[in-house]
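Structure first, then comments.
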Amino acid sequence: MLEIRILKELSGHPSIIEFHGAAQLKIPSGGVEFLLLTELCPGGSVADLMKNSRISPKQALRIFYAAARAICHMHERKVPITHRDMKIENLLFDATGRVKLCDFGSATVQTFHPDETWNITRRTQLEEEMQRHTTPMYRAPEILDTYQNYVVGPQQDIWVNLSVISLLI
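Taking UniProt numbering, the leading residue of the sequence shown gets 1, the next gets one more, and so forth.
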């Protein structure tokens, strides 16, 4: 499973949730379910913090910095990893208050390069893929209109991180 492989590869970075293990269970319907064990982040999410209090500029900068460090770590790999679902709900606080990026279920190593040779079927497939793996409020412009022929890949995480900081301040 790609999520497990990505978590194993990224684990150990101070701004990414620590992966401890996984188990595969058979479910009554005949399928399988994966259970992931990650570090406990008892401080809740940035979204939780925003519901309960106003975030100071210093806190906003700390959150943005941690998210940017996580993104850089993912994008600097030999094969870059795109999170695709960066949002305040996926930024957690560990027991010491450190910000950790979580939820790599939408992550990918694929980059898409639409161009004039792409037909409507390929564009529709890409749009459907983005609908499955991104949150509408946080979608980067290149995802919204595939006919603009923008590359869809790691740069979408950067757009989202900038969107997150705008929510914080």
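Glycine included, C-beta positions come from ideal geometry on N, C-alpha and C.
Rounded C-alpha distance that separates residue i from residue j
{"i": "residue 103", "j": "residue 85", "result": "8 Å"}
{"i": "residue 36", "j": "residue 129", "result": "23 Å"}
{"i": "residue 33", "j": "residue 116", "result": "40 Å"}
{"i": "residue 101", "j": "residue 91", "result": "5 Å"}
{"i": "residue 38", "j": "residue 44", "result": "14 Å"}
{"i": "residue 78", "j": "residue 162", "result": "24 Å"}
{"i": "residue 41", "j": "residue 89", "result": "12 Å"}
{"i": "residue 68", "j": "residue 26", "result": "37 Å"}
{"i": "residue 11", "j": "residue 80", "result": "15 Å"}
{"i": "residue 144", "j": "residue 87", "result": "17 Å"}
{"i": "residue 2", "j": "residue 149", "result": "27 Å"}
{"i": "residue 22", "j": "residue 121", "result": "36 Å"}
{"i": "residue 64", "j": "residue 126", "result": "29 Å"}
{"i": "residue 153", "j": "residue 74", "result": "12 Å"}
{"i": "residue 66", "j": "residue 13", "result": "10 Å"}
{"i": "residue 118", "j": "residue 111", "result": "15 Å"}
Helix, strand or coil at residue i [DSSP, three-state]
{"i": "residue 39", "result": "coil"}
{"i": "residue 70", "result": "helix"}
{"i": "residue 13", "result": "coil"}
{"i": "residue 34", "result": "strand"}
{"i": "residue 83", "result": "coil"}
{"i": "residue 20", "result": "strand"}
{"i": "residue 124", "result": "helix"}
{"i": "residue 108", "result": "strand"}
{"i": "residue 100", "result": "strand"}
{"i": "residue 146", "result": "helix"}
{"i": "residue 172", "result": "The chain is shown from 1 up to 169; residue 172 falls before or after that span and cannot be answered."}
{"i": "residue 140", "result": "coil"}
{"i": "residue 3", "result": "helix"}
Residues bridged to residue i (per DSSP)
{"i": "residue 45", "result": "92"}
{"i": "residue 153", "result": "Paired residues: none, contrary to the question."}
{"i": "residue 25", "result": "33"}
Per-residue burial, residue i [other beta carbons within 10 Å of its own, 16 or more giving buried]
{"i": "residue 113", "result": "exposed"}
{"i": "residue 76", "result": "exposed"}
{"i": "residue 29", "result": "exposed"}
{"i": "residue 166", "result": "exposed"}
{"i": "residue 157", "result": "buried"}
Touching or not, the stretch 40–51 and the stretch 104–112, by the rule of three or more beta carbon pairs under 8 Å?
-> no
For the 8 Å Cβ check, are there 3 or more pairs between the stretch 56–68 and the stretch 130–145?
-> no
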